[in-house]
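Trainee: Chains as they are written, first to last, in the UniProt record's numbering: chain A, 1 to 322; chain B, 1 to 322.
There are 2 protein chains.
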Amino acid sequence: MAVYTDVSDEDISRFVAEYDIGDVVSFKGIAEGVENTNFLLQTTKAPYILTLYEKRVNPDDLPFYLGLMDHLSAKGLNCPTPIHGKDGVALRRLCGRPAAITSFLQGMSPRRIQPHHCAGVGAALAELHSAGQDFEMHLPNALSIKGWRSLFDSCAEHADDVEPGLGKMIGEELAFLEENWPHALPKGVIHADLFPDNVFFFPNKEAVSGLIDFYFACNDLFCYDVAICMNAWCFEPDNSFNVTKAKNLLSHYSKVRPLSDVEKAALPILARGASLRFLLTRLYDWVNTPKDALVTPKNPREYINKLRFHQRVENATAYGLD
Amino acid sequence: MAVYTDVSDEDISRFVAEYDIGDVVSFKGIAEGVENTNFLLQTTKAPYILTLYEKRVNPDDLPFYLGLMDHLSAKGLNCPTPIHGKDGVALRRLCGRPAAITSFLQGMSPRRIQPHHCAGVGAALAELHSAGQDFEMHLPNALSIKGWRSLFDSCAEHADDVEPGLGKMIGEELAFLEENWPHALPKGVIHADLFPDNVFFFPNKEAVSGLIDFYFACNDLFCYDVAICMNAWCFEPDNSFNVTKAKNLLSHYSKVRPLSDVEKAALPILARGASLRFLLTRLYDWVNTPKDALVTPKNPREYINKLRFHQRVENATAYGLD
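1) What three-state label does DSSP hand Phe-278 (chain A) in the structure shown?
2) Beta-carbon of Leu-15 (chain A) versus every beta-carbon of chain B: anything under 9 Å?
3) Using DSSP's beta-bridge definition, name the partner residues of Asn-219 (chain A).
4) From the DSSP output, read off the bridge partner residues of Gly-29 (chain A).
5) Is the beta carbon of Phe-15 (chain B) sitting closer than 9 Å to the one on Gly-29 (chain B)?
6) Find the nearest neighbour of Val-313 (chain A) within the set A:Pro-186, A:Asp-87, A:Leu-267, judged by alpha-carbon distance.
7) Would you list the residues sitting across from Arg-92 (chain B) in a DSSP beta bridge?
8) Looking at the secondary structure, which residues open and close the alpha helix (DSSP H) in which Tyr-303 (chain B) lies?
9) So which residues on chain B does Arg-112 (chain A) lean against when the C-beta distance must stay under 7 Å?
10) Quick check on this structure: which residue in A:Phe-241, A:Asn-204, A:Leu-94, A:Phe-222 has the alpha carbon closest to the alpha carbon of His-310 (chain A)?
11) Could you tell me if Asp-193 (chain B) is buried or exposed, where buried requires 16 or more neighbouring beta carbons within 10 angstroms of its beta carbon?
12) Taking all protein chains shown into account, decide if Thr-44 (chain B) is buried (16 or more other Cβ within 10 angstroms of its Cβ) or exposed.
13) Consult DSSP for Gly-165 (chain A) and reduce its assignment to one of helix, strand or coil.
14) Quick check: what's the CA-CA separation for Lys-255 (chain B) versus Ala-274 (chain B)?
15) Measure the C-alpha to C-alpha separation of Glu-178 (chain B) and Pro-258 (chain B) and round it to an integer number of angstroms.
16) Where Asn-198 (chain A) and Ile-212 (chain A) are concerned, what is the direct C-alpha to C-alpha distance, given to the nearest angstrom?
17) For Lys-187 (chain B) and His-138 (chain B), what's the separation of their Cα atoms in angstroms?
18) Could I get the ranges of all uninterrupted alpha helix (DSSP H) runs contained in the region 244 to 279 of chain A, with 4 residues as the minimum, in chain order?
19) Identify whether Tyr-319 (chain A) lies in helix, strand or coil by the three-state DSSP scheme.
20) Among residues of its own chain, excluding the 5 on either side of Glu-302 (chain A), which ones have a beta-carbon nearer than 6 Å to its beta-carbon?
21) For Ile-12 (chain A), verify whether its CB is less than 8 Å away from any heavy atom of the ligand PLP.
22) Does the Cβ-Cβ distance between Ile-83 (chain B) and Tyr-48 (chain B) come in under 9 Å?
23) Contact defined as beta carbons within less than 8 Å: I believe Gly-107 (chain A) pairs with Phe-201 (chain A). What is the distance between those atoms, to the nearest angstrom?
24) Sort A:Ala-184, A:Ser-26, A:Ser-109 by Cα distance to Glu-263 (chain A) and report the nearest one.
25) State yes or no: is the C-beta of Asn-315 (chain A) within less than 9 Å of the C-beta of Asn-219 (chain A)?
26) Whose CA, out of A:Asn-248, A:Thr-281, A:Ala-17, A:Asp-322, lies closest to the CA of Ala-123 (chain A)?
27) Return the Cβ separation of Tyr-65 (chain B) and Cys-155 (chain B) in integer angstroms, given the expectation that the two are a contact with Cβ distance under 8 Å.
28) May I ask which residues mark the beginning and end of the alpha helix (DSSP H) holding Phe-152 (chain A)?
29) For my contact list, Val-162 (chain B) and Pro-300 (chain B) are in at a C-beta cut-off of 8 Å; report their separation, rounded to the angstrom.
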């Protein structure tokens, strides 16, 4: 959680006047998102979210993200809908930063993941993949397999500080994945960061009430997104793999967008790649975050364990697939 | 800003079920208050604030604070109204901490203080003092003049690290105040922390839309509360004193609760006391806050300058009083 940029009452009043959304009645910094500053903005019309894009988001990519949310909302997906100003423009500036107002989504992120959450998120991910298929903009995945080697090179010397032998393990895994990556699988718009923080539910309901935080979305393999999700939702806090959760996730995904046999066969290697991607970014942040930072970096260890699990998997039946 | 305690979706759903306020539809940690953890809780009925009381609040004092908010709300003052559970109890427990749900107040804290804000806060403070007069509970001010010496003793050795000679200056001021404090002035319930963060306005409106954060409220001299407010609202960011703002604050206060001649005459010494109180607590926090704390302590210097200003004041005409 972090509010990096303070916005004055005068600034927000002036900013809101550029929209046709009524007048501000309340405005509070919220502990949501670690990359950007988010405010809950209540106007005389409705609640909204105001996001100020901080330095980790490339401003050149914002039209893709906002365009995607516009596209997905129009398709009926529950995601933040960018609100356009009176001049039709959604991406604006506030306090020297790119900024946008989006609709407010009801629901809460689950803290303790239940099997029914995995069913819901599987279906929602497939709906996202389907709804994004006719989106016309294109953004390559900056954190795809092509980007991992340079990321590793920039922090390899510190890898063994996290765990002895980690540098060697990552090097070998990277070589294996570069050799065997299934580049030819079905592609499209993926979320690429569909962790529980970014998925809202109503209490005791299976269906997802909304997806947020599309600021890692890009074009890549659909099934790689499934693998990211499986890593994020199907391991227990003690690092054990919960096959019931995986089965729920994959079967509810497949009901909306069936996985081909080639995709199923590729799941173990995609899951290894998804583990390595988060291991590498966490390692990078671990090494590079100053001790007095607003945000505590996440421990890379969790993803070492996930990678080891998938390295031992022989085929997708380990994930509950037939 | 800080969210010290994480509350799971399951915990909040269970907790809300103890009230008759509908079901949870959204729940977000907010950057409001530095002592406690606050959440904006949206139910099917209305928005509310959930507060978890962290270690700096004495649990024994919570019945006073919540009782006071109940009392003031019943008198028509715009302040958070404690919501009582189905069993009638407002002060409950959540995640191992005392916790309470209160009503949600509209409006925003002003960042750049305008003279009209000072008029509004003056009137609101007097309304608070009047409305509190028949409140039956009593809580002595733990940070009154009687508490300053022990506070100073606990951090005196580090005073000169902030500014050479500061220890001597504080010692002399403390002796002067102990000798001359006007203990016999009118007393009652005071807010004791009415800084701009704790006062909400609607854009471009003079009238206060709500007062929050009653967790320093206590029984003490009304006019001491006026002096705290004057310090918090009438100095410019460059430490200059804005007499127009003070005149607005004092004249709008007096329209609701007239200041006696004795109170007016005592304002300079009360303002010195109010400066010393915040100088001492900021010095204490400055010395005692670990470098990796979630909250950055406020610099004590600001209150050294305020104290110096009031030491040079001969009488209350310097504050714009006739």
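Built from N, CA and C at the ideal position, the CB exists for glycine as well.
Mentor: Reading from the atomic positions:
1) Along the first sequence, read from residue 1 onward, the residue named residue 278 (chain A) stands at position 278. Three-state result, Phe-278 (chain A): helix.
2) Sequence index remark: in the first sequence, residue 15 (chain A) carries index 15 (1-based). The question names Leu, yet the displayed sequence has Phe at residue 15 (chain A). By this cut-off, Phe-15 (chain A) is not an interface position.
3) Here residue 219 (chain A) refers to the residue found at position 219 when the first sequence is read from its first residue. DSSP, once it has assigned bridges, lists A:Pro-140, A:Val-189 as partnering Asn-219 (chain A).
4) On the first sequence, position 29 is the one that residue 29 (chain A) refers to. According to DSSP, which records beta bridges pairwise, Gly-29 (chain A) is partnered with A:Phe-39.
5) Locating residue 15 (chain B) in the second sequence gives position 15, where the first residue counts as 1. Locating residue 29 (chain B) in the second sequence gives position 29, where the first residue counts as 1. Their beta carbons are not under 9 Å apart, which means Phe-15 (chain B) does not touch Gly-29 (chain B) by this criterion.
6) As a position in the first sequence, residue 313 (chain A) is number 313, starting the count at 1. Closest by alpha carbon: A:Leu-267.
7) As a working note, residue 92 (chain B) is residue 92 in the second sequence. Answer is B:Ala-99.
8) Here residue 303 (chain B) corresponds to residue number 303 of the second sequence, with the count starting at 1. It spans 301 to 311 - the alpha helix (DSSP H) in which Tyr-303 (chain B) sits, taken as one unbroken run.
9) If you number the first sequence from 1, residue 112 (chain A) lands on position 112. Result: Ser-8, Glu-10.
10) Against the first sequence, residue 310 (chain A) aligns to sequence position 310. The option with the nearest alpha carbon to His-310 (chain A) is A:Phe-241.
11) Mapped onto the second sequence, residue 193 (chain B) falls at position 193. Its Cβ being crowded by 16 or more others within 10 Å, Asp-193 (chain B) is buried.
12) Mapped onto the second sequence, residue 44 (chain B) falls at position 44. With fewer than 16 other Cβ atoms within 10 Å, it is exposed.
13) Within the first sequence, the letter at position 165 stands for residue 165 (chain A). Correct three-state label for Gly-165 (chain A): coil.
14) Here residue 255 (chain B) corresponds to residue number 255 of the second sequence, with the count starting at 1. Here residue 274 (chain B) corresponds to residue number 274 of the second sequence, with the count starting at 1. Straight-line Cα distance between these residues: approximately 23 Å.
15) Within the second sequence, residue 178 (chain B) is the residue found at index 178, counting from 1. Within the second sequence, residue 258 (chain B) is the residue found at index 258, counting from 1. If I take the Cα positions, the gap works out to 27 Å.
16) Here residue 198 (chain A) corresponds to residue number 198 of the first sequence, with the count starting at 1. Here residue 212 (chain A) corresponds to residue number 212 of the first sequence, with the count starting at 1. Cα atoms of Asn-198 (chain A) and Ile-212 (chain A): separation of roughly 5 Å, rounded to the nearest angstrom.
17) Against the second sequence, residue 187 (chain B) aligns to sequence position 187. Against the second sequence, residue 138 (chain B) aligns to sequence position 138. Distance between the alpha carbons of Lys-187 (chain B) and His-138 (chain B) is about 11 Å.
18) Taking only runs of at least 4 residues, no alpha helix (DSSP H) segment lies wholly in the region 244 to 279 of chain A.
19) Position 319 of the first sequence, counted from the start, is the residue given in the question as residue 319 (chain A). If DSSP states are grouped into helix, strand and coil, Tyr-319 (chain A) belongs with the helices.
20) Here the question's residue 302 (chain A) lines up with position 302 in the first sequence. Around Glu-302 (chain A): no qualifying Cβ.
21) By its list of ligands, the structure shown contains no ligand whatsoever, and the ligand PLP lies outside what it can speak to.
22) Counted from its first residue, the second sequence places residue 83 (chain B) at position 83. Counted from its first residue, the second sequence places residue 48 (chain B) at position 48. Yes.
23) Along the first sequence, one-based indexing puts residue 107 (chain A) at 107. Along the first sequence, one-based indexing puts residue 201 (chain A) at 201. Their Cβ separation, rounded to whole angstroms, is 5 Å, which keeps Gly-107 (chain A) and Phe-201 (chain A) in contact under 8 Å.
24) Stepping through the first sequence from its first residue, residue 263 (chain A) is reached at position 263. The candidate whose alpha carbon is nearest that of Glu-263 (chain A) is A:Ala-184.
25) By 1-based counting over the first sequence, the position of residue 315 (chain A) is 315. By 1-based counting over the first sequence, the position of residue 219 (chain A) is 219. With a cutoff of 9 Å on beta-carbon distance, Asn-315 (chain A) and Asn-219 (chain A) are scored as not near each other.
26) Your numbering for residue 123 (chain A) matches position 123 in the first sequence. It is A:Asn-248 whose Cα lies nearest to the Cα of Ala-123 (chain A).
27) Translated into positions along the second sequence, residue 65 (chain B) becomes position 65. Translated into positions along the second sequence, residue 155 (chain B) becomes position 155. So it is not a contact: roughly 26 Å between Cβ atoms.
28) Looking up residue 152 (chain A) in the first sequence gives position 152. Element bounds for Phe-152 (chain A): 145 to 155.
29) Your numbering for residue 162 (chain B) matches position 162 in the second sequence. Your numbering for residue 300 (chain B) matches position 300 in the second sequence. About 6 Å; that satisfies the 8 Å criterion.
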